[in-house]
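K.L.:
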Amino acid sequence: MRVLLLGGGGREHALALGLVEDPAVEALFAAPGNPGIAGLAELRQVDPVDPAGVAALAVEVGADLVVIGPEAPLVAGVADAVRAKGVAVFGPSAEAARLEGSKTFAKEIMTAAGVPTARAYTCTDAESVGRALEEFGTPYVVKDDGLAAGKGVVVTDDRAAALRHAQECGRVVVEEYLSGPEVSLFVVTDGVAALPLLPAQDFKRVGDGDAGPNTGGMGAYAPLPWAPSGLVDEVMADVVHPTLAELRRRGTPFAGLLYVGLALTAAGPRVIEFNARFGDPETQVVLALLETPLAGLLRAAATGTLAAHPPLRWRDGAAVTVVVAAEGYPAAPRTGDVITGADHPGVIHAGTARRAADGALVSAGGRVLCGTATGPDLTAARDAAYALVRGIELAGSHHRGDIAATAIDGRITVPD
Ligand code: AMP
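Quick note on the working numbering: the sequence shown kicks off at 11 and runs consecutively.
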């Protein structure tokens with residue numbers, strides 16, 4: 011199988027590692043890729059949000075499968091353009107990707123499908139925002155209606171900050187606060203059949219103890235020792251299948267990766283958000299534990315043959331990833347700093363580049379690297395991930411020190 015992978019972050023480096031491990035993959039191309047992916051794939055240049063350009067590249071490299079990592083190309087219709095060339099593509103159509111591209115659309119689908127989620131209002135002016143904040147009370151949750159790379163959500167007790175965020179975004183969804191531990195569940199689907207991957211947990215806030223602003227994600231672990239047995243079955247029955255059915259009913263079936271972000275509240279699991287692609291950095295830990303060949307799985311979803319796919323196999327043990335972020339992330343990350351200690355197995359490149367002048371590895375984004383490790387249990391995986399992080403030198407960088415800590419210490423409780 012010849013595979014073209016679109017994207018150049020940590021998620022795509024993790025996908026590339028999984029794809030090259032699949033014996034069915036004879037050639038892997040990545041566009042644009044990154045210096046970590048460069049060791050695994052032939053890199054090509056393309057504008058990732060140019061549907062015609064990506065489709066032409068897929069034909070040029072003779073791809074049997076295109077895997078789209080990030081959300082922006084999906085929303086731009088890249089999957090549709092590739093499919094129109096007769097090439098199998100893992101990633102939903104632009105219409106179905108609105109599940110991520112518009113929070114209002116996602117709420118509409120959930121309401122129609124009877125999926126449990128936070129009550130919410132879409133607001134475009136200060137007066138309606140004020141009314142919604144009044145109704146739901148603190149903590150206030152205000153979300154940018156469009157794509158915001160995981161940074162469009164403000165959760166705050168400060169009414170002025172909530173109003174300011176709403177004003178900056180223009181069109182927002184104001185919703186009730188969901189209290190309870192969060193779970194990320196990835197589901198591979200061809201639009202009808204659906205296979206859940208292992209649930210994972212990520213860490214959205216920048217600082218230890220969940221202090222500071224939201225980020226794209228500062229670390230993750232899997233599996234979740236504290237998750238109720240039966241959780242995945244319940245979410246598949248109450249969330250995933252009704253959502254897929256509603257999208258089919260509208261003539262826009264969702265094929266690709268359905269990411270379900272959940273809060274396990276006292277009233278049961280509630281959807282916080284849907285994404286239309288693998289989450290970053292949860293992908294790093296989930297794929298580290300997946301034993302089933304990845305390209306075959308994604309191709310089955312892309313070709314509508316997932317019902318015939320064998321059950322997924324998982325490695326024993328646990329996986330942890332810790333993000334090393336640039337100075338100033340998330341507000342104003344500094345880039346261009348030289349990195350050393352990144353050439354160890356398990357160090358995943360998220361925001362790196364080669365300096366043109368001398369080929370040195372430098373930071374090129376807010377989240378720069380992820381130390382990812384597996385182990386017989388969460389403690390061993392965590393210790394190994396932090397050993398990788400300690401070996402990385404990047405001036406001014408920061409990382410959370412408490413990834414997986416509450417799970418290891420048994421401090422996470424699911425409300426009954
Ligand atoms: P999102 O981009 O929708 O995933 O939101 C980012 C983060 O904000 C989530 O992972 C949650 O930690 C938090 N969040 C979003 N919506 C809610 C909510 N309704 N209640 C509590 N926390 C929320």
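All C-beta atoms in this analysis are idealised placements derived from N, C-alpha and C, irrespective of residue type, glycine included.
If you draw a straight line from the alpha carbon of V348 to that of A366, how long is it in whole angstroms?
P.N.:
Taking the sequence shown and counting its residues from 1, one reaches residue 348 at position 338. Taking the sequence shown and counting its residues from 1, one reaches residue 366 at position 356. Their Cα atoms are separated by approximately 12 Å.
K.L.:
Which residue marks the beginning of the alpha helix (DSSP H) containing H23, and which one marks its end?
P.N.:
Here residue 23 corresponds to residue number 13 of the sequence shown, with the count starting at 1. Where H23 is concerned, the enclosing alpha helix (DSSP H) stretches over G20 to E31.
K.L.:
Are there three or more Cβ pairs, one per stretch, closer than 8 Å when the stretch 53-62 is compared with the stretch 391-406?
P.N.:
The stretch 53-62, when compared against the stretch 391-406, does not touch it at the 8 Å Cβ threshold.
K.L.:
Around the C-beta of E185, are 16 or more other C-beta atoms found within 10 angstroms, so that it is buried, or is it exposed?
P.N.:
Within the sequence shown, residue 185 is the residue found at index 175, counting from 1. Its Cβ being crowded by 16 or more others within 10 Å, E185 is buried.
K.L.:
At which residues does the beta strand (DSSP E) containing G229 begin and terminate?
P.N.:
Start at 1 with the first residue of the sequence shown, and residue 229 comes out as number 219. Here the beta strand (DSSP E) through G229 covers G229 to A232.
K.L.:
Could you check what DSSP says for A37 in three-state terms: helix, strand or coil?
P.N.:
Position 27 of the sequence shown, counted from the first residue, corresponds to residue 37. A37: strand per DSSP, three-state reduction.
K.L.:
Tell me the DSSP bridge mates of S138?
P.N.:
If you number the sequence shown from 1, residue 138 lands on position 128. Bridge partners of S138: none, in fact.
K.L.:
CA-CA distance, Y339 and G162?
P.N.:
As a position in the sequence shown, residue 339 is number 329, starting the count at 1. As a position in the sequence shown, residue 162 is number 152, starting the count at 1. Between Y339 and G162, the C-alpha separation is close to 15 Å.
K.L.:
Residues in the same chain with beta-carbon distance under 8 Å from I47, minus the five sequence neighbours each way, listed in chain order, please.
P.N.:
Counted from its first residue, the sequence shown places residue 47 at position 37. Only L15, G18, E22, H23, A26, A40, L53 and H359 meet the Cβ criterion.
K.L.:
Residues in the same chain with beta-carbon distance under 7 Å from E118, minus the five sequence neighbours each way, listed in chain order, please.
P.N.:
Locating residue 118 in the sequence shown gives position 108, where the first residue counts as 1. Within the same chain, E118 has no close Cβ partners at all.
K.L.:
What does the alpha-carbon distance come out to for the pair D90 and A65?
P.N.:
Position 80 of the sequence shown, counted from the start, is the residue given in the question as residue 90. Position 55 of the sequence shown, counted from the start, is the residue given in the question as residue 65. Approximately 9 Å between the Cα atoms of the pair.
K.L.:
Shorter than 7 Å, the distance from the beta carbon of V296 to the closest heavy atom of the ligand AMP, or not?
P.N.:
To locate residue 296, count along the sequence shown from 1; it is residue 286. Every heavy atom of the ligand AMP is 7 Å or more from the Cβ of V296, so no.
K.L.:
May I ask you to report which of helix, strand or coil DSSP gives D90?
P.N.:
For the purposes of this step, residue 90 is taken as the residue at position 80 of the sequence shown. In the structure shown, D90 sits in a helix (DSSP, three-state: H, G or I).
K.L.:
Rounded to a whole number of angstroms, what is the C-alpha to C-alpha distance between R181 and A128?
P.N.:
Locating residue 181 in the sequence shown gives position 171, where the first residue counts as 1. Locating residue 128 in the sequence shown gives position 118, where the first residue counts as 1. Rounded to the nearest angstrom, the two C-alpha atoms are 18 Å apart.
K.L.:
To the nearest angstrom, report how far apart R141 and V164 are at their CA atoms.
P.N.:
Reading the sequence shown from its first residue, position 131 is the one you call residue 141. Reading the sequence shown from its first residue, position 154 is the one you call residue 164. Rounded to whole angstroms, R141 to V164 spans 17 Å at the Cα level.
K.L.:
Would DSSP call Y131 helix, strand or coil?
P.N.:
Counting from 1 along the sequence shown, the entry for residue 131 is found at position 121. The answer is strand: DSSP assigns Y131 an E or B state.
K.L.:
Report yes if the C-beta distance between G356 and T382 is below 8 Å; otherwise report no.
P.N.:
What you label residue 356 is simply residue 346 of the sequence shown in a count that begins at 1. What you label residue 382 is simply residue 372 of the sequence shown in a count that begins at 1. Yes, these two residues count as a Cβ contact at 8 Å.
K.L.:
Could you tell me which residues DSSP puts in a beta bridge with H359?
P.N.:
Mapped onto the sequence shown, residue 359 falls at position 349. In the DSSP output, where bridge partners are listed per residue, H359 has L379.
K.L.:
Output needed for F288: all residues of its chain with C-beta closer than 6 Å, excluding positions within five of it in sequence on either side, in chain order.
P.N.:
Stepping through the sequence shown from its first residue, residue 288 is reached at position 278. The answer, listed in chain order, is R21 and L267.
K.L.:
Short of 7 Å in beta carbon distance, which residues of its chain neighbour T430, apart from the five on each side in sequence? Order them along the chain.
P.N.:
Shown here, the chain extends from 11 to 426; a query on residue 430 therefore has no answer.
K.L.:
Is I282 near the ligand ZN, judged by its Cβ being under 7 Å from some heavy atom?
P.N.:
Summarising the ligand content, the structure contains the ligand AMP and does not contain the ligand ZN.
K.L.:
Does the Cβ-Cβ distance between Y187 and F146 come in under 8 Å?
P.N.:
Numbered from 1 along the sequence shown, position 177 holds the residue referred to as residue 187. Numbered from 1 along the sequence shown, position 136 holds the residue referred to as residue 146. Yes, these two residues count as a Cβ contact at 8 Å.
K.L.:
Can you determine whether any heavy atom of the ligand AMP sits closer than 7 Å to the C-beta of L188, and answer yes or no?
P.N.:
Reading the sequence shown from its first residue, position 178 is the one you call residue 188. At least one heavy atom of the ligand AMP is nearer than 7 Å to the Cβ of L188, so yes.
K.L.:
Pick helix, strand or coil for L207, following the three-state DSSP scheme.
P.N.:
To locate residue 207, count along the sequence shown from 1; it is residue 197. Coil at L207, not helix or strand.
K.L.:
Could you tell me if the beta carbon of K117 falls within a distance shorter than 7 Å of some heavy atom in the ligand AMP?
P.N.:
In the sequence shown, the residue the question calls residue 117 occupies position 107. Not so, every heavy atom of the ligand AMP lies at least 7 Å from the Cβ.
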